[in-house]
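Chains A and B, in that order, are what the protein sequence lines are.
Counting in the UniProt record's numbering, the first sequence runs from 1 upward without gaps.
Counting in the UniProt record's numbering, the second sequence runs from 1 upward without gaps.
Shown next, in structure tokens, is the structure this report addresses.
Protein chains: 2
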Amino acid sequence: MTAALALARQAMDENEVPVGAVVVKNQQIIGRGFNRPLATHDPTAHAEIAAIRDAAQFLGNDRLQDCDIWVTLEPCAMCAGAIAHARIKRLYFGAGDAKGGAVEHGPILFGQSTVHHKPEIYGGIMAEEATALLKLFFQSRR
Amino acid sequence: MTAALALARQAMDENEVPVGAVVVKNQQIIGRGFNRPLATHDPTAHAEIAAIRDAAQFLGNDRLQDCDIWVTLEPCAMCAGAIAHARIKRLYFGAGDAKGGAVEHGPILFGQSTVHHKPEIYGGIMAEEATALLKLFFQSRR
């Protein structure tokens, strides 16, 4: 999660909402991403999507077997859907997101009967650090 | 929708599940995509994501203002989330998808109180053609 937080800081340096993510397999980081929809002109460029695409390229496979994802913020519906498609084994996230989150909030996607893959879910990891970054970012933009 | 169906056929030619999508602005197609997670080693490479990314590159903006999306199959949670992030104005889709769909089925994403953007939704457009393609594809793989 320390690596994911470092990526979130990189997003903040580029004036993007600070969220970072890494994909880990066999205790090795194989995918990295941070939120950057503005710079890339890409509404899908969330941290998780970037990290998953990066890891899938690394593995040469659209299924990330035995991979975990660590992300600083609770995933939205788009990212939770991508986590399911990628067959991620474990989802570790930092801060909960009552507004945009889709794991513990809103549609609670992995609790839906139609979801085709459900990772193990561990929330609240280094949540204070993740929240502090987000607060700092939004305060600086006022 | 005819253009989206042609893209779905292109997916089938590449042995991918045949789904196609186009983004339209001012009666002009500005984004195209078809489903190709296998060829691209990318679990996020659904038709809608590809078409949205294509259109966002064309516009140089992560928000697709006054744009509509036409897709041959009911979007999944990932793609419905992307449609919300992109601020798509109208969603036109072909066949419903009881298993993977997230618009009329499963989480019914745009009905959630936390969704930050809800397009106008028109389903069932040329649904027979879309369904016929999908059936043909899955029959050919048996």
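Even for Gly, the Cβ is constructed at its ideal location relative to N, Cα and C.
For residue i and chain A, any beta-carbon pair shorter than 8 angstroms?
i	result
B:His117	no
B:Lys99	yes
B:Gly106	yes
B:Gln27	no
B:Thr72	no
B:Ile49	yes
Give the interface partners of residue i over in chain A, defined as CB-CB distance under 7 angstroms, in chain order.
i	result
B:Gly60	His41
B:Arg53	Asp42, Thr44
Cα separation between residue i and residue j?
i	j	result
B:Val103	B:Glu74	7 angstroms
A:Leu7	B:Pro43	22 angstroms
B:His41	A:Val24	17 angstroms
A:Gly31	A:Gln57	9 angstroms
B:Arg141	B:Met12	11 angstroms
B:Asp68	B:Ile88	6 angstroms
B:Gly123	B:Gly111	15 angstroms
A:Ala98	A:Cys76	10 angstroms
A:Ile121	A:Ala127	14 angstroms
B:Gly101	A:Ala84	13 angstroms
A:Thr2	B:Asn26	46 angstroms
B:Gly60	A:Leu38	9 angstroms
A:Ala55	A:Phe34	13 angstroms
B:Leu136	A:Asn15	47 angstroms
Name the chain A residues whose beta carbon is nearer than 8 angstroms to that of residue i?
i	result
B:Pro37	Asp62, His85
Give the DSSP-derived three-state secondary structure of residue i in the structure shown.
i	result
A:Thr72	strand
B:Glu104	coil
A:Ala51	helix
A:Ala21	strand
B:Glu128	helix
B:Leu133	helix
A:Ile88	coil
Taking 8 angstroms as the threshold (beta carbon to beta carbon), is residue i in contact with chain B?
i	result
A:Met1	no
residue 156 of chain A	This structure cannot speak to residue 156 of chain A, because chain A is shown only from 1 to 142.
A:Gln112	yes
Counting only Cβ pairs nearer than 8 angstroms, list the residues of chain B close to residue i.
i	result
A:Leu109	Ala77, Pro107
Anything in chain B within Cβ reach of residue i, meaning under 7 angstroms, just list it in chain order.
i	result
A:Gly81	Cys76, Ala77, Met78, Gly81
A:Ala56	His41, Asp42, Pro43
Using a beta-carbon distance below 8 angstroms, is residue i in contact with chain D?
i	result
A:Val115	The structure shown contains no chain D; its protein chains are A and B.
Problem - Cβ contact (3+ pairs, closer than 8 angstroms) linking the segment 69 to 85 of chain B and the segment 100 to 112 of chain B - result: In this structure the segment 69 to 85 of chain B lies against the segment 100 to 112 of chain B, because at least three pairs of beta carbons, one per stretch, are closer than 8 angstroms.
Exercise for the section: Report yes or no: do three or more beta-carbon pairs, one from the segment 2 to 19 of chain B and one from the segment 121 to 134 of chain A, lie closer than 8 angstroms? Expected result: Counting Cβ pairs under 8 angstroms, fewer than three are found: no touch.
Exercise for the section: Flag this pair as touching only if the segment 59 to 73 of chain A and the segment 92 to 99 of chain A have three or more C-beta atom pairs under 8 angstroms; answer yes or no. Expected result: As far as the Cβ criterion goes, the segment 59 to 73 of chain A touches the segment 92 to 99 of chain A, which means the pair count is three or higher.
Exercise for the section: Evaluate contact between the segment 46 to 66 of chain A and the segment 14 to 29 of chain A, counting only Cβ atoms and requiring at least three cross-stretch pairs below 8 angstroms. Expected result: Contact between the segment 46 to 66 of chain A and the segment 14 to 29 of chain A is present: three or more C-beta pairs spanning the two stretches fall below 8 angstroms.
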